[in-house]
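Chemist: Counting in this note's numbering, the sequence shown runs from 1 upward without gaps. Quick reminder that beta carbons are idealized off the backbone N, C-alpha and C, glycines included.
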Amino acid sequence: MMTKAPILWAASVIAMAFFASCERRNTNFDAGPFDALNDDALANGDTLNIGLAADFTISNCPPLFDAGMPDAGMPGDAGVATGCCKVPAPANLNFVPITTGAPDRYLWQFGDETSSNLVTPTHTYALPEKYDVTLVIGGITGSVSVTKRACVEVVPNALGAPCDVDIQCSTGATCTCGSQDQCGAPFLRGLCTQGCRDLPCPDPAVCADLSLGGAATPESPWRKPLCLATCSTAKDCPAGTTCRDLPSRFPAGKWLRACFPALPLPIGSACRRPQGPLDSPSCLSGLCGDLGALGQCTINCENNECPRGTSCAMLSTGEKRCLVNCTIGDGCGDDPWLSCQQATNTPSTFSIEPGSMKLVCAPKACNVDGDCSGGSCDRTDAGVGHCIHR
1 MMTKAPILWA ASVIAMAFFA SCERRNTNFD AGPFDALNDD ALANGDTLNI GLAADFTISN
61 CPPLFDAGMP DAGMPGDAGV ATGCCKVPAP ANLNFVPITT GAPDRYLWQF GDETSSNLVT
121 PTHTYALPEK YDVTLVIGGI TGSVSVTKRA CVEVVPNALG APCDVDIQCS TGATCTCGSQ
181 DQCGAPFLRG LCTQGCRDLP CPDPAVCADL SLGGAATPES PWRKPLCLAT CSTAKDCPAG
241 TTCRDLPSRF PAGKWLRACF PALPLPIGSA CRRPQGPLDS PSCLSGLCGD LGALGQCTIN
301 CENNECPRGT SCAMLSTGEK RCLVNCTIGD GCGDDPWLSC QQATNTPSTF SIEPGSMKLV
361 CAPKACNVDG DCSGGSCDRT DAGVGHCIHR
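1. Below 6 Å CB to CB, which residues in the same chain sit around Val368 once its five sequence neighbours on both sides are set aside?
2. Going by DSSP, what residue range makes up the beta strand (DSSP E) through Arg273?
3. Return the first residue and the last residue of the beta strand (DSSP E) that Pro363 is part of.
4. From Ile137 to Val144, what distance separates their C-alpha atoms?
5. Between which residues of its own chain and Cys169 is the CB-CB distance below 7 Å, once the five residues before and five after are set aside?
6. Can you tell me whether Pro186 is helix, strand or coil according to DSSP?
7. What whole-angstrom Cβ distance do Thr141 and Leu52 have, given they're in contact under 8 Å?
8. Looking only at DSSP bridge pairs, what is Thr242 linked to?
9. Tell me which same chain residues have a C-beta within less than 8 Å of the C-beta of Gly172, skipping the five on either side of it?
10. In the structure shown, what three-state DSSP assignment does Gln168 receive?
11. When the Cα atoms are used, what is the spatial distance from Asp335 to Gly292?
12. Using only the alpha-carbon positions, how far apart do Thr310 and Pro90 sit?
13. Determine contact between the stretch 201-213 and the stretch 251-258, defined as no fewer than three beta-carbon pairs at a distance below 8 Å.
14. Would you give the residue range spanned by the beta strand (DSSP E) that Lys320 belongs to?
15. In angstroms, rounded to a whole number, what distance separates the CA positions of Cys372 and Cys361?
16. In the DSSP assignment, find the beta strand (DSSP E) that holds Cys231 and state where it starts and stops.
17. Starting from Cys340 and walking both ways along the beta strand (DSSP E), at which residues does that stretch end?
18. Do Ala234 and Cys243 have their C-beta atoms within less than 8 Å of each other?
19. If I measure Cβ to Cβ from Lys130 and keep anything under 7 Å in the same chain, skipping five residues before and after, which residues do I get?
20. Look up His386 in the DSSP assignment and give the residues it is bridged to.
21. Which runs of the beta strand (DSSP E) spanning at least 3 residues fall entirely within the stretch 199-232, listed in chain order?
22. If you draw a straight line from the alpha carbon of Thr114 to that of Asp132, how long is it in whole angstroms?
23. Could you tell me the distance, in whole angstroms, from the CA atom of Pro307 to the CA atom of Pro277?
24. Give the DSSP bridge partners of Arg308, in chain order.
25. Tell me which residue opens and which closes the beta strand (DSSP E) that Ser143 is part of.
26. Indicate whether Leu196 and Pro221 have their beta-carbon atoms separated by less than 8 Å.
27. Suppose you measure from the CA of Gly139 to the CA of Thr230; what does that come to, to the nearest Å?
28. Need the endpoints of the beta strand (DSSP E) that Glu129 sits in, please.
29. How should Leu359 be labelled, buried or exposed, when 16 other C-beta atoms within 10 angstroms of its C-beta is the threshold for buried?
30. Looking at C-alpha atoms only, which residue of Arg223, Leu188 and Gly160 is the closest neighbour of Asp203?
31. Based on Cα-Cα distance, which residue from Tyr106, Pro266, Glu219 and Phe95 lies nearest to Ser59?
32. What first and last residue would you give for the beta strand (DSSP E) that runs through Pro97?
33. Can you list, in chain order, the residues of its chain whose CB lies under 6 Å from that of Cys237, leaving out five sequence neighbours each side?
34. Going by the DSSP bridge assignment, what does Leu265 pair with across the sheet?
35. With a threshold of 16 other CB atoms inside 10 Å of the CB of Thr241, please say whether the residue is buried or exposed.
36. Spell out whether any CB of chain B is found under 8 Å from the CB atom of Arg272.
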């Protein structure tokens, strides 16, 4: 007859073996934040994973910016896998796990030799490339993983798109005012550009002649003919730029609409410094005209068109300048030495181009200095005087 002692001894041995195996299984998880993933089997999701399932998505996939097609490359487009992203460089993306079961450990592998143990990490991809992304989750029952091949495709930026370094731009383009340049405000970031002094830009980019305001310098490397993104409104442009009128290179003497920072100042803007001198470098045209109390960014219109919102006026010297248009009701803003005038009321210093009925902000007519609110009444010409700065 078998005694109870051997039976109890056998039961205890089995129990000890069972608990020992459980301890060995969980030792990997206790070693640290997914240190166990150094084990090939666990990294491949080959362990027991009862009740666990893993997927993920990218919550903030931005649209691609392409000159003339700012909505191209949205998530869900053909060729972009579900939960994945095709983005311009650099891309700062948020990864969100979609899991079942009760995972308490996470490992993200971003495909660029970096990883994270956060549940919902944010990761930046700086360079154009296709990146595989893997998520491994683990719990008390084991681990499971999911890998999406080429889930993040970082593409070179089109002409006119923001950038930091040259490699982020498409072939043949460079990052003007990127991290390697010394540009100040308003260039919060660089722009992918391409020179167009001798040849037009590839469609749909346009060639803006930014050299009219002076030659390029280390602080202003953008002062040259550059390919930029065309636009109709500010909504067509990337952050940090707006849709504005710029001088055209092809054809010369005309104006085009392109995405560019709000500075330098457009034609018609006030440009006199607070202490009195004119600030021509602040103007896109490189010319701050001595007009009114505040000065006015202007440009020669002898052989050129004037941009929208301005008209060509002739000075007594015979020079022609683009002056800002106005309406009688709105006047000329805060400049007390200018008034909104028609051709018939314009002082003798100015005459509007024949056939033009538009109003422009020209020096205010005066008889005495007191008419000019701190300025002087210049009566050197015959007839009515006009307010000038002295």
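Modeler: Reading from the atomic positions:
1. As a first step, residue 368 is located in the sequence shown; it is residue number 368 there, counting from the start. These residues qualify, in order along the chain: Cys377.
2. Here residue 273 is taken as the residue at index 273 of the sequence shown, counted from 1. No beta strand (DSSP E) holds Arg273; DSSP gives it neither H nor E.
3. Residue 363 sits at position 363 when you count from the first residue of the sequence shown. From DSSP, the beta strand (DSSP E) with Pro363 extends over Val360 to Pro363.
4. Indexing the sequence shown from 1 puts residue 137 at position 137. Indexing the sequence shown from 1 puts residue 144 at position 144. Cα to Cα, the separation comes out at about 6 Å.
5. Here residue 169 refers to the residue found at position 169 when the sequence shown is read from its first residue. Around Cys169: Pro156, Asn157, Cys163, Cys175 and Cys192.
6. Here residue 186 refers to the residue found at position 186 of the sequence shown. Here Pro186 carries a coil assignment [DSSP, helix/strand/coil].
7. As a position in the sequence shown, residue 141 is number 141, starting the count at 1. As a position in the sequence shown, residue 52 is number 52, starting the count at 1. Their Cβ separation, rounded to whole angstroms, is 6 Å, which keeps Thr141 and Leu52 in contact under 8 Å.
8. Residue numbering aside, residue 242 sits at position 242 when the sequence shown is read from its first letter. Note: Thr242 sits in a beta bridge opposite Phe260.
9. Locating residue 172 in the sequence shown gives position 172, where the first residue counts as 1. Taken in chain order, the residues that qualify are Gln194.
10. By one-based count along the sequence shown, residue 168 stands at place 168. Residue state, collapsed to three classes: helix.
11. Taking the first residue of the sequence shown as 1, we reach residue 335 at position 335. Taking the first residue of the sequence shown as 1, we reach residue 292 at position 292. Rounded to whole angstroms, Asp335 to Gly292 spans 6 Å at the Cα level.
12. Taking the first residue of the sequence shown as 1, we reach residue 310 at position 310. Taking the first residue of the sequence shown as 1, we reach residue 90 at position 90. Answer to the nearest angstrom: the Cα atoms are 39 Å apart.
13. yes
14. As a working note, residue 320 is residue 320 in the sequence shown. For Lys320, the uninterrupted beta strand (DSSP E) run begins and ends at Lys320 to Val324, by DSSP.
15. As a working mapping, residue 372 is identified with position 372 in the sequence shown. As a working mapping, residue 361 is identified with position 361 in the sequence shown. Each residue's alpha carbon lies about 15 Å from the other.
16. Translated into the one-based positions of the sequence shown, residue 231 becomes position 231. Where Cys231 is concerned, there is no enclosing beta strand (DSSP E), given that its DSSP letter is neither H nor E.
17. Indexing the sequence shown from 1 puts residue 340 at position 340. Per DSSP, Cys340 belongs to the beta strand (DSSP E) from Leu338 to Gln341.
18. Here residue 234 refers to the residue found at position 234 of the sequence shown. Here residue 243 refers to the residue found at position 243 of the sequence shown. Yes; because the gap between Cβ atoms is below 8 Å, this pair is in contact.
19. Against the sequence shown, residue 130 aligns to sequence position 130. Counting only Cβ-Cβ distances below 7 Å, and skipping sequence neighbours, we find Ala150 and Glu153.
20. Taking the sequence shown and counting its residues from 1, the one referred to as residue 386 is at position 386. Ala365 and Asp378.
21. 206-209 and 225-228
22. Taking the first residue of the sequence shown as position 1, residue 114 is located at position 114. Taking the first residue of the sequence shown as position 1, residue 132 is located at position 132. About 12 Å.
23. Counted from its first residue, the sequence shown places residue 307 at position 307. Counted from its first residue, the sequence shown places residue 277 at position 277. Whole-angstrom Cα-Cα distance: 25 Å.
24. One-based indexing of the sequence shown puts residue 308 at position 308. Partner(s): none; Arg308 has no beta bridge.
25. By 1-based counting over the sequence shown, the position of residue 143 is 143. Note, Ser143: beta strand (DSSP E), Gly142 to Val155.
26. Looking up residue 196 in the sequence shown gives position 196. Looking up residue 221 in the sequence shown gives position 221. Here the sequence assigns Cys to residue 196, which means Leu is not the residue at that position. Contact: no.
27. Residue numbering aside, residue 139 sits at position 139 when the sequence shown is read from its first letter. Residue numbering aside, residue 230 sits at position 230 when the sequence shown is read from its first letter. Each residue's Cα considered, the two are about 53 Å apart.
28. Looking up residue 129 in the sequence shown gives position 129. Counting along the chain, the unbroken beta strand (DSSP E) around Glu129 starts and ends at Glu129 to Gly139.
29. Residue numbering aside, residue 359 sits at position 359 when the sequence shown is read from its first letter. Buried is the call here.
30. Counting from one through the sequence shown, the residue named residue 203 turns up at place 203. The shortest C-alpha separation from Asp203 is found at Gly160.
31. In the sequence shown, counting from the first residue as 1, residue 59 sits at position 59. Considering only alpha carbons, the answer is Phe95.
32. Indexing the sequence shown from 1 puts residue 97 at position 97. Pro97 -> beta strand (DSSP E) spans Ala91 to Thr100.
33. As a first step, residue 237 must be located in the sequence shown, where it is residue number 237. Closer than 6 Å at Cβ, skipping near neighbours: Cys231, Cys243 and Cys259.
34. Residue 265 sits at position 265 when you count from the first residue of the sequence shown. Answer is Cys283.
35. One-based indexing of the sequence shown puts residue 241 at position 241. So Thr241 counts as buried.
36. Note that chain B does not occur in the displayed structure, where there is just one protein chain.
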